[in-house]
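**Student:**
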Amino acid sequence: MDEQSVESIAEVFRCFICMEKLRDARLCPHCSKLCCFSCIRRWLTEQRAQCPHCRVSLCHPSQSAVVQ
């Protein structure tokens, strides 16, 4: 495997919020983007209750946010 292939694979496993290596990965059920649990939790509590990539609501009707 060449260096360019390794870099491409590494991009897949990078958090799209912090752009770092994934830690305790979470997947958006709508767009399948991966992010760190701490990043998406912070986004959902401090920003908006929606995916920062596809903007679909991540709120459950009876809860404040799906990711806890």
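Take 482 as the starting number for the sequence shown in the numbering used here and just add one per residue.
Built from N, CA and C at the ideal position, the CB exists for glycine as well.
What you are looking at is a predicted structure, and each value in this text was computed from that prediction instead of being measured.
(1) Where does F525 land, buried or exposed, given buried means 16+ other C-beta within 10 angstroms?
(2) Does L553 pass the burial test, meaning 16 or more other C-beta atoms within 10 Å, or should it be called exposed?
(3) Note down, in chain order, each residue of its chain lying with its Cβ closer than 8 Å to the Cβ of F518, except the 5 sequence neighbours on either side.
(4) Tell me which residues share the same chain as H511 and place their Cβ nearer than 7 Å to its Cβ, disregarding the 5 neighbours each side in the sequence.
(5) What are the residues that DSSP puts in a beta bridge with C538?
**Tutor:** This is what the structure holds:
(1) The sequence shown places Leu at residue 525, rather than the Phe named in the question. So L525 counts as buried.
(2) It is not possible to answer for residue 553, since the shown part of the chain is limited to 482 through 549.
(3) R504, D505, A506, R507 and V548
(4) C532, C535 and V537
(5) One detail in the question is off: residue 538 reads as Ser in this sequence, not Cys. BP columns for S538 point to Q531.
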